[in-house]
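Q: In our numbering, the protein residues as written are 43 to 469. Even for Gly, the Cβ is constructed at its ideal location relative to N, Cα and C. Below is the structure I would like to discuss, written out as structure tokens.
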């Protein structure tokens, strides 16, 4: 029967790794992550298997913090895109969930299976795949979205899961296996029940923050769409006014030409042409995107910022809602940075052009000399209030929605936002 005990131990180790991978966000591509993690964890499990064969299950059970937990923690911390509290929460969440099943199956086997490990082995064969299915089906997606959207509050939850991990490990294995200490079984059951409800509280609290984030994000997108549509409406109203004024322009030109004043007529015609150009697209032909540029061009001028807009798009169909969201947030971020500088240092530029199958957008602006943002990271907002800190995450979300991505960095007094997106107009 000892064979079932050893096999179940290896089964647990494998599924701890599998559950963690479901909730883990690596800094490397998936293939490289699986290669490094699989080979490292495979070697670690092999070493622990040899240890079980040599020293026995009880000895390795007490030493698993040193032989398994700490090495795997270091490995995945180096691979993880999330650091500090978020990583600790994910790591301890996977481990404590598996330890919870370990404790329950141990107690059930002792009470119902006579301590022969057959019931323990069979129940673990069923429990771990079921837990992973439920995790993948219901938890994985919202949990990953939570890590993207919720910035604060992770430290408390990470501390709770870390304490639960230590508490469960001590209760199950120290000073001996829990089934060898009947007087501690009932307290252990209470801890297991309490852990279940506490984890439910953790996730409900995080989920409420996520819903609040979504609401604020939706409101922000609606405001951006409203501003874009308002700009378009204003442009259309100016065009209708211009059409109405064309009769007067025609009469004026006819009078000048009839009087032989050709130079005055040409000057007047050039004035009309300039006015028409501003109405049909001051920065680009697309009326929605142009409305965003017109709006921010005026804002930048009000603070004395130098603007350079190089927009190389035509009349082709574009996903203007997402592009307006990207440009509005990028330019608003630049506007906020420029306001903190002296007027002579305020400068912003925007480039939009095609490169093969992608549309490339670069927003570049001056910023404080001491501001540093590493490539591939999202800088935290330094504004106060719950309605801030959504700009760059909104850009990233819109870019990924269009099959692209976003990259930003800051150094030497310059902030650069690069966005690459697929567009419907590109084959």
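Residue 169 by DSSP, collapsed to three states: which one?
A: Numbered from 1 along the chain shown, position 127 holds the residue referred to as residue 169. Of the three classes helix, strand and coil, the one that applies to residue 169 here is helix, per DSSP.
Q: Determine the DSSP secondary structure at residue 124, reduced to helix, strand or coil.
A: Looking up residue 124 in the chain shown gives position 82. The answer is coil: DSSP assigns residue 124 none of H, G, I, E or B.
Q: Could you compute how far the alpha carbon of residue 362 sits from the alpha carbon of residue 435?
A: The residue you call residue 362 lines up with position 320 of the chain shown. The residue you call residue 435 lines up with position 393 of the chain shown. Each residue's alpha carbon lies about 18 Å from the other.
Q: With 16 other CB atoms within 10 Å as the buried threshold, where does residue 242 fall?
A: The residue labelled residue 242 in the question sits at position 200 within the chain shown. Result: exposed.
Q: If I measure Cβ to Cβ from residue 177 and keep anything under 6 Å in the same chain, skipping five residues before and after, which residues do I get?
A: Position 135 of the chain shown, counting from 1, holds the residue named residue 177. Within the same chain, residue 177 has close Cβ partners 64.
Q: Hey, could you find the ends of the beta strand (DSSP E) residue 179 is sitting in?
A: Position 137 of the chain shown, counting from 1, holds the residue named residue 179. From DSSP, residue 179 is part of no beta strand (DSSP E); its letter is neither H nor E.
Q: What is the DSSP secondary structure of residue 427, counted as helix, strand or coil?
A: If you number the chain shown from 1, residue 427 lands on position 385. Note on residue 427: pLDDT 45, under 50, position unreliable in the model; the coordinate value appears next. DSSP places residue 427 in coil when its eight states are reduced to three.
Q: Here's the rule: buried if 16 or more other CB atoms are within 10 angstroms of the residue's CB, otherwise exposed. What is residue 159?
A: By one-based count along the chain shown, residue 159 stands at place 117. That one is buried.
Q: Could you check what DSSP says for residue 371 in three-state terms: helix, strand or coil?
A: Within the chain shown, residue 371 is the residue found at index 329, counting from 1. It is helical.
Q: State the DSSP-derived secondary structure class of residue 327, mapped to helix, strand or coil.
A: Position 285 of the chain shown, counted from the start, is the residue given in the question as residue 327. In the structure shown, the three-state DSSP call for residue 327 is coil.
Q: I'd like to confirm the pairing. Which residues does DSSP put opposite residue 350 in its beta bridges?
A: The sequence position of residue 350 within the chain shown is 308, counting from 1. Beta-bridge pairing links residue 350 to 391.
Q: Which word fits residue 427, buried or exposed, when buried means at least 16 other C-beta atoms lie within 10 angstroms of its C-beta?
A: Counting from one through the chain shown, the residue named residue 427 turns up at place 385. Reliability of the predicted coordinates at residue 427 is poor, the pLDDT of 45 falling under 50, and the value obtained from them is presented with this limitation in mind. Residue 427 is exposed by the Cβ-count criterion.
Q: So, is residue 300 buried or exposed, given that buried needs 16 or more other C-beta atoms within 10 angstroms?
A: Residue 300 sits at position 258 when you count from the first residue of the chain shown. Residue 300 should be labelled exposed.
Q: So residue 214 is in the alpha helix (DSSP H); what residue range does that whole segment cover?
A: Walking along the chain shown from the start, residue 214 turns up at place 172. Unbroken alpha helix (DSSP H) run through residue 214: 196 to 215.
Q: Thinking just about the alpha-carbon of each residue, which of 206, 211, 181 is nearest to the one in residue 236?
A: Working through the chain shown from its first residue, we reach residue 236 at position 194. Here the closest residue by C-alpha is 206.
Q: My understanding is that residue 383 touches residue 334, with C-beta atoms under 8 Å, so please give their C-beta distance in whole angstroms.
A: As a position in the chain shown, residue 383 is number 341, starting the count at 1. As a position in the chain shown, residue 334 is number 292, starting the count at 1. Contact flag wrong, Cβ pair sits at about 22 Å.
Q: In the DSSP output, what is residue 68 paired with across the bridge?
A: To locate residue 68, count along the chain shown from 1; it is residue 26. Beta-bridge pairing links residue 68 to 122.
Q: Can you name the start and end residues of the alpha helix (DSSP H) that residue 442 belongs to?
A: Start at 1 with the first residue of the chain shown, and residue 442 comes out as number 400. Unbroken alpha helix (DSSP H) run through residue 442: 433 to 443.
Q: Classify residue 375: buried if its beta carbon has 16 or more other beta carbons within 10 angstroms, exposed otherwise.
A: Here residue 375 is taken as the residue at index 333 of the chain shown, counted from 1. Under this definition residue 375 is a buried residue.
Q: Classify residue 90 as helix, strand or coil using the three-state DSSP reduction.
A: What you label residue 90 is simply residue 48 of the chain shown in a count that begins at 1. It is helical.
Q: Would you call residue 288 buried or exposed, if buried means 16 or more other Cβ atoms sit within 10 Å of its Cβ?
A: On the chain shown, position 246 is the one that residue 288 refers to. Flag for residue 288 reads exposed.
Q: Check whether the Cβ of residue 342 lies closer than 8 Å to any heavy atom of the ligand SAM, and answer yes or no.
A: In the structure on display, the ligand SAM does not appear, and there are no ligands present to speak of.
Q: Taking 8 Å as the limit between beta carbons, can you name the residues of its chain near residue 454, skipping five residues before and five after?
A: As a first step, residue 454 is located in the chain shown; it is residue number 412 there, counting from the start. Counting only Cβ-Cβ distances below 8 Å, and skipping sequence neighbours, we find 411.
Q: In the DSSP assignment, what residue or residues form a beta bridge with residue 463?
A: Reading the chain shown from its first residue, position 421 is the one you call residue 463. Bridge partners of residue 463: 401.
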